[in-house]
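First comes the structure, then the notes that go with it.
In my numbering, the protein residues as written are 664 to 998.
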């Protein structure tokens, strides 16, 4: 019996070590997507030999290394084409790591069955080309210029202090206080999930349980300095739900050692929009929609490259109405 437990423990340790190494590679790809990502360099990041790394990566991620890199590049480009209307297709192609416009055009057409220009000018609205978190497809504006099926918004703005108040009118009637501010770089210890996550309270509960059991005994909870957050690496409107990545964790000192399933990444410093909500847990998709559909079009800003995240500010169990108070935090730059 003791030998069996020791064997199971060793297997668990080895698998967690592999997960840790692959996560390091995924983080490296994300932050170096505009560079030439070679098998040798990525194998070095993972501390595997190049000969075996490709096979290990494919078995654990479910895609070949080249297919993963190509998909991430194309999906990032697709998101930028929508969110950065003044950026040229060629600039987007180069920023996403393609060697030139011809290579990008071919890859984009193979993935989306249309050109980048068609995508940008409304092709992404076609059914099956872009996904909404609630499973609905956004409809194009009607002849009066209004989005059919999309909530309306009322926005008040304090330009001098870079603050906004956004109200989603209609059934949800969500309200958000939005502020643009400079946030310094910080480091995050995380556990990661790959696959669908929208509305899955039990999933997030399991992820939080893992990070809490790891961080608590190490004395890493030092409130109010410690941040608790979920970072989102993909656009759920574009990426297949089965390939979506979310990292749940806490801010930690830069030199904090991690191991196994717990990884560590850097959240870049810069200018961010912070939208504060106080909502019931089923309204998270509406909150994100209020930021992108209500605030961005009125703000003079557009999304910048980098991870978006949710910053959690309370314990819902201690709230009289069990509501969640949190910030949606998105990197931004001038339109």
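Glycine included, C-beta positions come from ideal geometry on N, C-alpha and C.
Return the residue from the list 707, 733, 706 that minimises the CA-CA distance to residue 696. Position 33 of the chain shown holds residue 696. For residue 696, the nearest C-alpha among the options comes from 733.
Legend entry - residue 739, DSSP secondary structure in three states: In the chain shown, the residue the question calls residue 739 occupies position 76. Looking at residue 739 - three-state DSSP - the assignment turns out to be helix.
### Task
Starting from residue 910, trace the beta strand (DSSP E) both ways and give me its first and last residue.
As a working mapping, residue 910 is identified with position 247 in the chain shown. Residues 908 to 915.
| Does DSSP classify residue 971 as helix, strand or coil? | By 1-based counting over the chain shown, the position of residue 971 is 308. Here residue 971 sits in strand by DSSP.
- Rounded to a whole number of angstroms, what is the C-alpha to C-alpha distance between residue 775 and residue 768? Along the chain shown, read from residue 1 onward, the residue named residue 775 stands at position 112. Along the chain shown, read from residue 1 onward, the residue named residue 768 stands at position 105. So the alpha carbons of these two residues sit roughly 11 Å apart.
Exercise for review: Could you spell out the range, first to last residue, of the alpha helix (DSSP H) harbouring residue 934?
Suggested key: Locating residue 934 in the chain shown gives position 271, counting from the first residue. Segment 933 to 942 is the beta strand (DSSP E) holding residue 934; no alpha helix (DSSP H) there.
Worksheet item: Secondary structure at residue 872, three-state DSSP: helix, strand or coil?
Response: What you label residue 872 is simply residue 209 of the chain shown in a count that begins at 1. In the structure shown, residue 872 sits in a helix (DSSP, three-state: H, G or I).
Using CA atoms only, rank isn't needed, just tell me which of 994, 678, 703, 939 is closest to residue 830. The residue you call residue 830 lines up with position 167 of the chain shown. Residue 939 is the option with its Cα nearest to residue 830.
Looking only at its chain, what residues have a beta carbon closer than 7 Å to the beta carbon of residue 742, apart from the 5 residues adjacent to it on each side? Here residue 742 refers to the residue found at position 79 when the chain shown is read from its first residue. Same-chain partners within the cutoff: 898, 901.
Taking just the CA atoms, how far does residue 754 sit from residue 947? The residue you call residue 947 lines up with position 284 of the chain shown. The residue you call residue 754 lines up with position 91 of the chain shown. So the two alpha carbons sit approximately 33 Å from each other.
| said: With a threshold of 8 Å on Cβ separation, who are the neighbours of residue 765 within its own chain once the five nearest residues in sequence on each side are excluded? | reply: One-based indexing of the chain shown puts residue 765 at position 102. Cβ neighbours of residue 765 beyond the five flanking positions: none.
Exercise for review: State the beta-bridge partners of residue 849 as determined by DSSP.
Suggested key: Residue numbering aside, residue 849 sits at position 186 when the chain shown is read from its first letter. The partner list for residue 849 (beta bridge, DSSP) reads 930.
query = What did DSSP end up calling residue 696 once you bin it into helix, strand or coil?
reply = The residue given as residue 696 occupies position 33 in the chain shown. In the structure shown, residue 696 sits in coil (DSSP, three-state: anything other than H, G, I, E or B).
- Measure from the alpha carbon of residue 760 to the alpha carbon of each residue in 784, 844, 729, then state which is nearest. The residue you call residue 760 lines up with position 97 of the chain shown. Checked all of 784, 844, 729; the closest Cα to residue 760 is 729.
ask   = Just checking my contact of residue 923 with residue 679 at CB under 8 Å: how many whole Å lie between their CB atoms?
value = Working through the chain shown from its first residue, we reach residue 923 at position 260. Working through the chain shown from its first residue, we reach residue 679 at position 16. Between residue 679 and residue 923 the Cβ distance is about 3 Å, and since that is below 8 Å, they are a contact.
Per DSSP, what kind of secondary structure is residue 719 in: helix, strand or coil? In the chain shown, residue 719 corresponds to position 56, counting from 1. Three-state DSSP puts residue 719 in a helix.
For residue 892, list the residues DSSP reports as bridge partners. Here residue 892 refers to the residue found at position 229 of the chain shown. Residue 892 pairs with 912, 974.
Taking only the alpha-carbon atoms, compute the straight-line gap between residue 838 and residue 827 and give it to the nearest angstrom.
Within the chain shown, the letter at position 175 stands for residue 838. Within the chain shown, the letter at position 164 stands for residue 827. The alpha-carbon atoms of residue 838 and residue 827 are separated by roughly 11 Å.
To the nearest angstrom, how far is the alpha carbon of residue 864 from that of residue 965? Mapped onto the chain shown, residue 864 falls at position 201. Mapped onto the chain shown, residue 965 falls at position 302. Roughly 30 Å separates the two Cα atoms.
Extent of the continuous beta strand (DSSP E) run through residue 818:
For the purposes of this step, residue 818 is taken as residue 155 along the chain shown, with counting starting at 1. Its beta strand (DSSP E) spans residues 815 to 821.
Of all the options 977, 905, 996, which has the alpha carbon lying nearest to the alpha carbon of residue 934? Here residue 934 corresponds to residue number 271 of the chain shown, with the count starting at 1. Of 977, 905, 996, the residue nearest in Cα terms is 996.
- Message: Taking the alpha-carbon of residue 857 as reference, which of 959, 963, 911 has the nearest alpha-carbon?
- Response: Here residue 857 corresponds to residue number 194 of the chain shown, with the count starting at 1. Minimum Cα distance to residue 857 is reached at 911.
Can you give the Cα-Cα distance for residue 745 and residue 907, rounded to whole angstroms?
-> Working through the chain shown from its first residue, we reach residue 745 at position 82. Working through the chain shown from its first residue, we reach residue 907 at position 244. Distance between the alpha carbons of residue 745 and residue 907: 19 Å.
Open item on the list: Between which residues of its own chain and residue 691 is the CB-CB distance below 6 Å, once the five residues before and five after are set aside?
Closed with: One-based indexing of the chain shown puts residue 691 at position 28. Only 708 meet the Cβ criterion.
Proximity below 9 Å, CB of residue 685 to CB of residue 737: Indexing the chain shown from 1 puts residue 685 at position 22. Indexing the chain shown from 1 puts residue 737 at position 74. In this structure, residue 737 does not lie closer than 9 Å to residue 685 by Cβ.
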